[in-house]
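Student: My questions all concern the structure below.
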Amino acid sequence: MKKFLLTTLATLALGTAAMAEPVKVGIAAEPYPPFAAPDAAGNWVGWEVDLIGAVCAAAEMECVITPVAWDGIIPSLTSGQIDAIMASMSITEDRMQTIDFSNKYYNTPTVIVAAKGSGIVPTAEGLAGKILGVQVSTVHQDYAQTHFSGAEIKLYQTQDEANQDLVAGRIDATQADSIALDDFLKSDAGACCENVGAVADDPAILGLGVGVGLRKGDEALKAKFNEAIAKIIADGTYDKVSAPYFASSIYGG
Amino acid sequence: MLEALVEAFPTLSLLAWEPPGWGANLIRGLVNSIQIALGAYALGLLIGTAGAFGKLHGGPVTRDLLAIYTTVVRAVPELVLILILYFAVTDLVNQGLVAMGYARVQISGVAAGIAVLGVVQGAYSVEVIRGAILAVPAGQLEAAKAMGMPPMKAALRITLPLMLANAIPGLANLWLIATKDTALLAIVGFAELTLQTRQAASSTKAFLTFFLAAGVLYLCITLLSGVVFGRIEKWARRGQRGSGAGQ
Amino acid sequence: MGPARPARQRGGAMSVQAQPRFWQRHRIVMAALAALGVLLCAVYLRWDWLPKYLPLIGEGIWRTIWLLAVTSVLGFLLAIPLGLAQAAGPWYLAAPARAFCTIIRGTPLLLQLWLLYYGLGSLFPQFPAIRQSELWPYLRQAWPYAVVALTISFAGYEGEVMRGAFKGVPGGQLEAARAMGMPRLTILRRIWLPLAIQRALPTLGGESVLQLKATPLVATITVVDIYAVASRVRQDTFIVYEPLLLLALVYMIITGMIVLAFRWFENRVPSRVA
């Protein structure tokens with residue numbers, strides 16, 4: 227907070243109009259623990275929220291966290307309602323046609339979670355004839371549609387809804403980021419289910435990691451985010467932010 | 091009594107005002123919903139009044155444009171209109187500003203919500219107000235004209251009060267639609283009551299408790315509005331024959 | 005759908021006032037501008053995704069119409085007892101019917117839908133018996149919840165209309181039937197119900213359009229209607245406006261068909277007492 231105030235004062239002292247404008251960082255308006263979720267007091271908390279604070283402090287920017295529906299997060303960016311996306315958005319070729327990305331700030335494996343004792347394995351044969359839930363417009367949707375064409379693929383607006391339907395037994399399995407699913411498995415509701423393993427890697431679909439989504443041509447902001455990400459990794463802030471949430475670094479290779 | 095209830099249904103404690111209860115969040119959402127509903131309703135009435143006069147007294151082009159507006163808005167789902175207006179309008183505004191050399195503006199969620207729902211409300215209130223004006227007995231206006239009342243004064247003193255009584259049931263209905271349509275803004279991620287409820291429910295997994303609680307809140311608005319509009323109608327019909335009689 | 009369409013004429017009376025011609029000069033200009041707009045949309049906007057998604061779009065439209073038809077019919081059938089109970093039932097039937105209509109009309113459909121889908125969904129894991137029951141293959145899918153939510157919503161709104169319709173049937177008709185010694189059920193079936201439905205008919209078209217406009221909400225519980233297909237296109241391709249424009253067009257066409265169908269239907273029903 228203190229640091230935020232300092233940066234605000236610094237920008238005020240500089241007095242440039244462009245810098246006084248706070249950067250609106252969009253996050254998905256749906257709970258995605260442990261990355262970002264609202265708490266009972268109405269504040270957004272989680273690793274990604276803390277990371278936004280750290281990145282903005284390192285870049286000496288004033289940032290405002292703006293929740294936007296995942297469904298409309300890219301149009302919100304391109305139409306100027308937000309300036310950057312930090313919502314666990316994977317860097318993909320498809321998205322690169324519409325928006326730009328900073329360097330990655332984390333990369334974790336993709337796993338399948340199914341009901342305990344279901345005998346489902348994370349392969350095309352193991353999932354044939356099963357109902358697999360994935361979040362729309364994610365790398366997981368692309369991956370499932372490419373590699374698990376034998377399964378019935380059900381699309382959800384949020385991973386949270388897919389998890390709920392897995393608990394309710396409406397789908398047989400769900401595929402998502404290992405961290406998000408680990409968090410779900412640790413919750414009371416997740417007691418029904420287990421991690422049945424990681425899917426085979428496909429770098430063309432899964433491999434680029436998660437980056438900050440930016441408007442095309444917003445090179446100044448992109449440079450700032452890249453510098454800030456490199457800086458917090460170098461000076462240990464990244465690990466400090468991650469320590470309360472994860473046992474090991476999720477920056478990935 | 092309250093304690094016994096909470097003991098029987100432990101999830102009720104999640105509705106408490108202070109965290110870990112989510113009550114304050116729900117009320118914040120409710121306030122947002124009411125704010126947007128009020129704004130959209132007011133904007134809708136403005137559009138509706140202007141549109142009704144345009145339909146009654148405007149030239150052929152105005153009338154046809156208004157007909158297209160009311161037809162299209164009433165034929166396309168609010169959800170689709172919200173998405174189109176929410177993204178397209180902010181995009182167009184910003185593209186226009188950038189083209190003219192200004193910086194982008196941030197259109198707040200509240201303003202966008204009010205604008206979008208107001209345009210939807212406007213299409214319905216045009217018809218309500220037009221119908222109410224048409225239902226004003228012609229004799230009343232003729233009498234005013236015969237007395238030498240100027241048109242502006244006749245509109246204010248005769249048409250407006252008389253048409254208000256006719257318009258109130260329709261306008262009450264529109265207000266209820268406005269409050270319920272705010273729920274659609276949940277789809278674009280605006281933190282009104284339905285989205286707040288949804289977030290609280292997914293975070294705590296107490297779905298039934300939160301959805302039922304939100305239902306009660308919406309119902310309170312509806313019932314309260316019913317009472318208020320009933321009073322207003324009684325007031326607007328004061329002095330009219332048959333007021334206060336059943337129906 | 006021109007606004008200059010003459011009002012439906014009753015009893016064959018000719019209207020004295022001549023209707024203005026539809027193709028007035030300003031309308032020709034407006035039509036030309038509209039055609040130009042459509043042409044510009046077709047040329048400058050991106051439609052290359054259309055062939056790939058055409059089968060999905062077809063399925064989506066079919067599901068939307070199916071949902072609309074099934075829930076309107078079921079909802080109307082449910083509205084008849086709801087209206088009758090409120091208009092003529094004893095208090096122990098009238099009060100619950102009235103409460104039902106008030107609650108359904110007083111809360112957003114989106115909330116009702118989520119309450120059914122996620123609220124009930126969160127109960128299922130607590131009762132393993134449900135998962136073993138024969139109903140489970142249906143309960144597991146999303147469309148039954150959509151059908152139930154849309155049906156009770158339609159019933160809630162139309163139940164209120166039917167209440168007024170039952171009350172509005174002229175008492176003389178019923179008295180005449182009673183005087184003829186008709187049994188009560190027969191009066192209901194042959195006189196009261198047909199007359200009430202006839203009175204409610206003009207509102208049905210409008211209610212059906214409102215019902216159509218409510219259907220896209222089911223996309224939020226994973227039912228793949230035309231709205232969900234358009235969302236999918238938007239999310240797959242990041243094209244924002246084109247799928248939404250197509251969506252608006254589809255809904256306008258369906259609305260137009262509903263309006264025409266009801267106009268045709270109303271013209272066929274004799275309306276001497278209406």
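One line per chain: the protein sequences are A, B and C, in this order. Taking the numbering used here, the leading residue of the first sequence gets 227, the next gets one more, and so forth. Taking the numbering used here, the leading residue of the second sequence gets 91, the next gets one more, and so forth. Taking the numbering used here, the leading residue of the third sequence gets 5, the next gets one more, and so forth. The beta-carbon is built from N, C-alpha and C at its ideal position, and this holds for glycine as well. Bear in mind that the values here come from a model prediction, so they are computed numbers and not experimental data.
How far does the beta strand (DSSP E) with B/Q286 in it reach, from first residue to last?
Tutor: Note, B/Q286: premise wrong, no beta strand (DSSP E); alpha helix (DSSP H) at L283 to T294.
Student: Counting Cβ pairs closer than 8 Å, one from the stretch 426–436 of chain A and one from the stretch 327–347 of chain A, do we hit at least three?
Tutor: yes
Student: Find the residues of chain A that neighbour B/W112, judging by a C-beta separation of less than 7 Å, and give them in chain order.
Tutor: A266
Student: How would you label C/N271, buried or exposed, when you count the other beta carbons within 10 angstroms and need 16 or more for buried?
Tutor: exposed
Student: If contact means a Cβ-Cβ distance below 7 Å, which residues of the stretch 253–266 of chain C contact chain B?
Tutor: Those residues of the stretch 253–266 of chain C that come within reach of chain B (Cβ to Cβ, closer than 7 Å) are Y255, M256 and T259.
Student: Take C/T207 and list the residues in its own chain whose beta-carbon comes closer than 6 Å to its own, dropping the five residues that flank it on each side.
Tutor: V165
Student: In the DSSP assignment, what are the bridge partners of A/C419?
Tutor: A/A341
Student: Straight-line CA distance for C/Q90 to C/L178?
Tutor: 18 Å
Student: For A/A263, which residues does DSSP report across the bridge?
Tutor: A/V271
Student: Which residues, in chain order, does the stretch 279–296 of chain A contribute to contact with chain B at a C-beta distance below 7 Å?
Tutor: Cβ proximity to chain B below 7 Å picks out P293, V294 and A295 from the stretch 279–296 of chain A.
Student: State yes or no: is the C-beta of B/Y214 within less than 9 Å of the C-beta of B/V163?
Tutor: yes
Student: Kindly confirm or deny that the stretch 400–408 of chain A and the stretch 359–368 of chain A touch, where touching means at least three C-beta pairs closer than 8 Å.
Tutor: yes
Student: Please determine, among C/V77, C/G110, C/T226 and C/Y96, the residue with the shortest C-alpha to C-alpha distance to C/A150.
Tutor: C/T226
Student: Step through the CB atoms of chain B and report whether any lies within less than 9 Å of the CB of C/L119.
Tutor: Contact with chain B is found for C/L119, since one of that chain's Cβ atoms lies less than 9 Å from the residue's Cβ.
Student: Any idea what DSSP makes of B/T180, helix, strand or coil?
Tutor: Note: B/T180 maps to helix in three-state DSSP.
Student: Since I believe B/G279 is in contact with A/P293 (beta carbons under 8 Å), could you give me their beta-carbon distance rounded to a whole number of angstroms?
Tutor: 6 Å
Student: Can you name the residues of chain B whose CB is closer than 8 Å to the CB of A/D386?
Tutor: S292
Student: Could one say the Cβ of C/M34 lies closer than 9 Å to chain B's Cβ atoms, at least one of them?
Tutor: yes
Student: At the level of alpha carbons, what is the spacing between A/K250 and C/I61?
Tutor: 35 Å
Student: Give every residue of the same chain whose Cβ lies closer than 8 Å to the Cβ of C/M186, excluding the five residues on either side of it in the sequence, and list them in chain order.
Tutor: So the list reads R194 and I195, once near-sequence residues are dropped.
Student: Reducing DSSP to helix, strand and coil, say where C/P174 ends up.
Tutor: coil
Student: Do you know how far the Cα of A/L407 is from the Cα of B/T139?
Tutor: 53 Å
Student: CB-CB under 6 Å to A/D276, same chain, minus the five flanking residues each way: which ones, in chain order?
Tutor: V467
Student: Buried or exposed, going by whether 16 or more other CB atoms sit within 10 Å of the CB of B/H147?
Tutor: exposed
Student: With a threshold of 9 Å between beta carbons, is C/L71 in contact with chain D?
Tutor: Of the protein chains in this structure, namely A, B and C, none is chain D.
Student: What distance in whole Å lies between the Cβ atoms of B/A201 and B/A257, which are believed to be in contact at a cut-off of 8 Å?
Tutor: Incorrect: roughly 27 Å between the Cβ atoms, too far for contact.
Student: Would you call the stretch 143–162 of chain B and the stretch 225–234 of chain B in contact, with 3 or more CB pairs under 8 Å?
Tutor: Below 8 Å, too few C-beta pairs join the stretch 143–162 of chain B and the stretch 225–234 of chain B to call them touching: fewer than three.
Student: Please identify, using Cβ separations under 7 Å, the residues of the stretch 293–319 of chain A that lie next to chain C, in order along the chain.
Tutor: D297, I300 and P301
Student: My understanding is that A/Y258 touches A/I455, with C-beta atoms under 8 Å, so please give their C-beta distance in whole angstroms.
Tutor: Actually they do not touch by this definition, with Cβ atoms about 20 Å apart.
Student: With a Cβ-Cβ cutoff of 9 Å, do B/F300 and B/L104 count as a contact?
Tutor: One thing to note: B/F300 has its Cβ within 9 Å of the Cβ of B/L104.
Student: May I ask which residues mark the beginning and end of the beta strand (DSSP E) holding B/E217?
Tutor: No beta strand (DSSP E) contains B/E217, which is instead part of the alpha helix (DSSP H) from G199 to L224.
Student: Between B/T272 and B/L224, which are expected to be in contact by the criterion C-beta below 8 Å, what is the C-beta distance as a whole number of angstroms?
Tutor: The beta-carbon separation of B/T272 and B/L224, rounded to 30 Å, does not stay under the 8 Å limit for a contact.
Student: Can you name the residues that DSSP bridges to C/L88?
Tutor: Bridge partners of C/L88: none, in fact.
Student: Within a Cβ cutoff of 6 Å, which residues of the same chain sit near B/A244, ignoring the five residues on either side of it in sequence?
Tutor: Setting aside the 5 residues that flank it on each side, B/A244 is surrounded in the same chain by A234, each with a C-beta closer than 6 Å to its C-beta; the list follows chain order.
Student: Would the stretch 345–358 of chain A and the stretch 74–88 of chain C be scored as touching if the rule is three or more Cβ pairs under 8 Å?
Tutor: no
Student: What residues are listed by DSSP as bridge partners for A/I379?
Tutor: A/L358
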